[in-house]
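Notes for the one structure printed next.
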């Protein structure tokens, strides 16, 4: 119900909203929880296991109970905490984990069966018959489990990510945080103040006491106003710091538009900020903990501080008549505030026999709440008085305070352990804080407002000093400085179920059972009972469970231990963590200089790493990709074809020691490569396995251009820089990656020279004599355009690769096509490239797969034994040189039209289909239009000695079984006459 | 993590690619006797300490320096950053 | 005490008074025939099989903290045997077969759930590699299935098939793969081993080995010397540190791997799915949380925690695969220490110190290996010869050139 006056809500504006299809009204400033409460709604959810009715417990993000599904369609957001969902006009929420409805939930039958469904019962049963687990038991459990549901429709909203830098990050804008921010910002430090609430002020907004002579909330508003006037501070409300990572880096989520029906045009819903801070002060306050007693989980039973916050900040009470149950003085504050706000307080029940008097309130000292009633919401509580008598109180709400826990989650993100403090009966931050982090205010266990203000100021002064800045200690405003008085009390003894983890339905009985069965370590307790594994990550439950276990083992809580908190502080949407890197923008797309031209030609494209390459160029009338590819191959081998090979890695190597350097990088010799010549080279990893292959062209005495495969462009460059800087730092050699700087085209086929002669400027003689196979030169084309020409061939044809600065790449492909028209030039894509390299027997990624040696690839003789090159030594190990080592061979089906899949394994004909008979496998396969046969490359044990031998290519996975013959991998032009033509 | 690059100042570790123990600088002589055993130890065996670890990072998205970073593997605290080239020279590597 | 549905009923009706601790908490004896260092999944399984299969007696498992507190309780719970290489596939297939009968054998429901695993592929080359792998699996007696797009759409309708940066072309499925309730594995083995007389000694850190004349005679611990006929070390995450106490350097680097769980959701994901174009894999637990992970952070670490870039990277992969997960929230992140070997495959072998045996270097494949690792390590300890499915996991394979490198990444542990 809404209280008549007060609250930080705008009563002049009505906001309409729906919960489970019913219409309600609230006001700006409300959360969904406060607005529902204002409308008399206490039942908001169902618990995880027993499907017990659940209402609001807290007034913050630690809420374990009031979880709802917000919005609908692709924006549906399950498990949303009603306590922090800001109300907006038109908000729609539905209850979850209840069928057919919230008031009558069929699975509430579990509650009746709770005696059978104790902690870990599932480990002891459901084992027979074995097959029933997947078929019956597990589907049953899975349907009952889970909380909210998702639609699988894509989320229509956008998310952003950004970086922020600051001298000081202040986490939390309560009294400590505001004072810290004021102190640091006044001194000129770059400050970020982040607070998860939509209204800064923290508990000041929820309390009735003042600061100086004004209300706490007003003081907070004044402080925020002053901060907002300073240029060197960034105020970030609706921003949750989710994690403390290494070296002062914090993750934070800003909810930009969650308080709006939809994000404004062009705005993201949320932003993930990475905040790089030199110092940070954690001012996250404290979280109240419950006391466990029989049936303490009914809607209407809240934490006392939340009950007070709802009355003070939102002017609501869950019921007309309430009671408070406490073991500490702060519970008295709740009682007093409720009375002051006009709520009828039935009694203040204090477990302490010596509880102080509370004016205007009936105090039941030394009393305990022993049970409650009310099926869908609290109706009455039973109190055992100090004299042992029972008294029943009819109340619709009960505020419970078991004391406050410093909210130290972020101090644990780097696995620091908190320390136990007897004075406040709670854990406080330990000494091993994340570097650069300090803690102030209630998060340290200093619970008074004065202590918060003083702590915030003091820690800010310390941070300024650390940063070498001078600050002025502020005059602290007057504020309450009440000492913390608490007598630890964790649970009311009894036989009925008393809840510790309200969401996961872990009760005191479950902890006792865990103890009985030997799960006494905190980690065992947690994992066995699921205590603390709920969406609040134990913020409201761990302490109680730990205390009960301590009691059972007869140890102190400190001896029993604690569980630490892990990131994120509150759950974070995956969309926020992914930002814009979704869908087609998941990774950057790299386009070659001929891309637009290829699009104009109607090319089909294929992803090659991040590159998009033309796969083939279909022509009108072609109905199958094979038609296009066969045509491209035949046209290239018949006349001339052109292919964009820009994606191959290019590394410029310069310096007097370039040749000596490459001689160590490649396993074969490079020391004596002549200027104007290109050599094929194989690089090994230091472990002797083939790393990459490519060419190195010597353009000048001190200038080489190395090419790599597309896939290895980056790793090879990194590797060469490692060798240059770390292994041979005094070699005179410089490296630079020029992959993107040059557009490069392969021009292949018997007419390639004739075509090039039309493009290459006349002063450069590229006749076969002047520019033979494996020649290279820096030339000009198209009347003065700088270019590099390499006479190298991947296709096995007379072929060249022509490179021009990338900005001329588009012009060049168009010129090549125009000049090639008279030869019927054909552009070809990666498919035809692949077919031609298989026909020629060149290894590619499928063969250079990081598991093969030069020996396996048929290149064993290239590994020089006369020099020390990377990988040479370890390539000589026994295991890499076994007599039956696999060799790269060609394979042809006995029936040329029998398709053989790459990935098939090779077995002797007639051999049993078991791994022991495995002779090798096919690494690459294609249809060769030249041979009019399917062909393949593959690795066969001792294959080079077995040419002519017949095997079975067997692929049970795809249902194929073809007899093949081992042949030379060089299907086409084995003598290399074409490429020298 | 933030790596304080000796030439460029603090840089985000995301700009770097990690390789491993800085002992990879001490590549054995490839032509001598016992090279195979020496290379086995070099390529495969690691101290793998829980504590300070000297390790190689490559500033791939930056100036392409290889750095030797001394970092605590228990806390991730970085206590020193050097150019790998300087370290290599100090360990007797040259041409 | 035998567990059964009947027993659960009986206890429920009699106040649950009959349940007993799953394992004793004995004081250590002065000496044992066999001491296993490490009370994780592998150590406990080893002890169980030593007692059960190899009829060994006087066995102790010594754990520095609480049993099951290491990687057996910090993983993404996947089991599978979809390996390529001869050195690996028989072992993992053996492990999968042991999983299939484990719960009945241990009389403990570890929720072995063979819901299937599928690895997506996005290019022809990836497809070819998966065909090779699937065929290898079948040749080794495992199950494998190539799924085309239509089949994938049926089983995983909300995967992004239509707007993906890297279009999905198909998947390699193993129907017998799935997930297991990880903690229950440690507890189940502990209970069964304890019942066979194995002493499980918790909170007892091993501080050194007693080695005389090249023979290991026992361990020094926080609770004094414990003599042993043989010592087996199975301490994932601490392998280098522990073995350094015996003077050994290992082909291992320790790295942090983060894993994640979302808030609970009603069932959306039937099996385990692995994205082939980014670092992301995911399953849904019986509690409803999506359990997912990605790549190593990439640097040596014993910190059991990672950093934000990998969390973002994993979320990007998740969103690329399932665009409908945008509003699902990541609940918890945790980090485990992975002992990454130099070829990505494990070691189960004797060491240069006699009577000292080592099991480690599991990279992030240790959980699924638990039953077979236990059985094979027990075989080695009991018979001094490797189990037939684990003959390749030798410590000297790097010196001799017999690496088992599934990914082809070489001696670069953070890439395996």
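Protein chains in written order, with my numbering: chain A, 2 to 982; chain B, 99 to 193; chain C, 73 to 488. Glycine included, each C-beta is placed from N, C-alpha and C at the ideal position.
*Inter-stretch contact (C-beta, 8 angstroms, three-pair minimum) for the region 398-410 of chain C and the region 150-159 of chain A*: yes
_Does chain B have any CB closer than 8 angstroms to the CB of residue 325 (chain C)?_
yes
*Cut-off 8 angstroms between Cβ atoms - residues of its own chain near residue 532 (chain A), not counting five sequence neighbours on either side*: 501, 502, 505, 507, 511, 512, 526, 539, 542, 543, 546
*Which of the three DSSP states, helix, strand or coil, is assigned to residue 407 (chain A)?*
strand
_Residues from the region 398-419 of chain C in contact with chain B, defined by Cβ distance under 7 angstroms_ = Of all residues in the region 398-419 of chain C, 414 have a Cβ within less than 7 angstroms of some Cβ in chain B.
*Hey, is the region 151-171 of chain C in contact with the region 302-320 of chain C, meaning 3+ C-beta pairs nearer than 8 angstroms?*
no
*Tell me residue 250 (chain A)'s beta-bridge partners as DSSP assigns them.*
A:277
_Chain-ordered neighbours of residue 182 (chain B) on chain C, where CB pairs are closer than 9 angstroms_ = Those within 9 angstroms of residue 182 (chain B) in chain C number zero; the least Cβ separation is about 16 angstroms.
*Could you work out which residues of chain A lie near residue 76 (chain C), taking near to mean beta carbons separated by less than 9 angstroms?*
125, 126, 128, 129
*asked:* At the 8 angstroms Cβ level, is residue 373 (chain C) part of the contact set with chain B, yes or no?
replied: yes
*asked:* Can you look up residue 973 (chain A) in the DSSP assignment and give me helix, strand or coil?
replied: coil
*If the cut is a Cβ gap below 9 angstroms, which residues of chain E does residue 312 (chain C) touch?*
No chain E is part of this structure, whose protein chains are labelled A, B and C.
*Listed by chain order, chain C residues near residue 919 (chain A) by CB distance under 7 angstroms*: 211
*asked:* Let me confirm a value: residue 130 (chain A) is counted as buried when at least 16 other C-beta atoms fall within 10 Å, else exposed. Which label applies?
replied: exposed
_Own chain, CB closer than 7 angstroms to residue 228 (chain C), minus 5 neighbours either side, in chain order_ = 345
*asked:* Runs of 3 residues minimum, wholly inside the region 910-975 of chain A: which ones carry the beta strand (DSSP E) assignment?
replied: 919-929, 934-942, 951-956, 961-968
*Of the residues that make up the region 100-125 of chain A, which ones have a beta carbon closer than 8 angstroms to any beta carbon in chain C?*
116, 117, 119, 122, 123, 124, 125
*asked:* What residue range does the alpha helix (DSSP H) around residue 468 (chain C) cover?
replied: That residue, residue 468 (chain C), is in no alpha helix (DSSP H); it is neither H nor E in DSSP.
*At a Cβ threshold of 8 angstroms, is residue 149 (chain A) touching chain C?*
Closer than 8 angstroms to some Cβ of chain C, the Cβ of residue 149 (chain A) qualifies, so yes.
*What residues in the region 156-184 of chain B have a beta carbon less than 8 angstroms from any beta carbon of chain C?*
Among the residues of the region 156-184 of chain B, those with a Cβ less than 8 angstroms away from any Cβ of chain C are 169, 171, 172, 173, 174, in the order of the chain.
_Is residue 134 (chain B) close to chain A? Criterion is C-beta to C-beta, closer than 8 angstroms._
At least one chain A Cβ lies under 8 angstroms of residue 134 (chain B).
*In this structure, what does DSSP give as the bridge partners for residue 263 (chain C)?*
As computed with DSSP, residue 263 (chain C) is found in no beta bridge at all.
*Are the CB atoms of residue 439 (chain C) and residue 386 (chain C) nearer to each other than 8 angstroms?*
no
*Cα-Cα, which of C:406, C:124, C:405, C:433 is closest to residue 417 (chain C)?*
C:433
*Assign residue 795 (chain A) to buried or exposed, taking buried as 16 or more other Cβ atoms, counted over all protein chains shown, within 10 Å of its Cβ.*
buried
*Excluding sequence positions up to five away, which residues of its chain have a Cβ less than 8 angstroms from the Cβ of residue 537 (chain A)?*
63, 64, 65, 504
*asked:* How far does the beta strand (DSSP E) with residue 79 (chain A) in it extend, from its first residue to its last?
replied: 78-82
*Return the first residue and the last residue of the beta strand (DSSP E) that residue 280 (chain C) is part of.*
278-284
*asked:* As an exercise, report each continuous alpha helix (DSSP H) stretch of at least 4 residues that is fully enclosed by the region 136-163 of chain C, in chain order.
replied: None, since the region 136-163 of chain C contains no complete alpha helix (DSSP H) of that length.
*Three-state secondary structure (DSSP) at residue 843 (chain A)?*
coil
*Sequence ranges, beta strand (DSSP E) only - wholly within the region 147-173 of chain B, length at least 3*: Listed in chain order, the beta strand (DSSP E) elements of length 3 or more contained wholly in the region 147-173 of chain B are 150-156, 164-170.
*asked:* Taking beta-carbon pairs under 8 angstroms, can you tell me which members of the region 716-727 of chain A lie near chain B?
replied: So the list reads 719, 722, 723, 726, 727, given in the order they occur along the chain.
*asked:* Is the separation between the beta-carbon of residue 23 (chain A) and that of residue 98 (chain A) shorter than 8 angstroms?
replied: no
*Comparing alpha-carbon positions, which option in A:470, A:476, A:837 lies nearest residue 635 (chain A)?*
A:837
*Three or more C-beta pairs closer than 8 angstroms, one from the region 393-406 of chain A and one from the region 335-353 of chain A: is that the case here?*
yes
*Counting only the same chain and skipping the five closest in sequence on each side, list residues whose C-beta sits under 6 angstroms from that of residue 162 (chain A).*
Correct list, in chain order: 273, 580.
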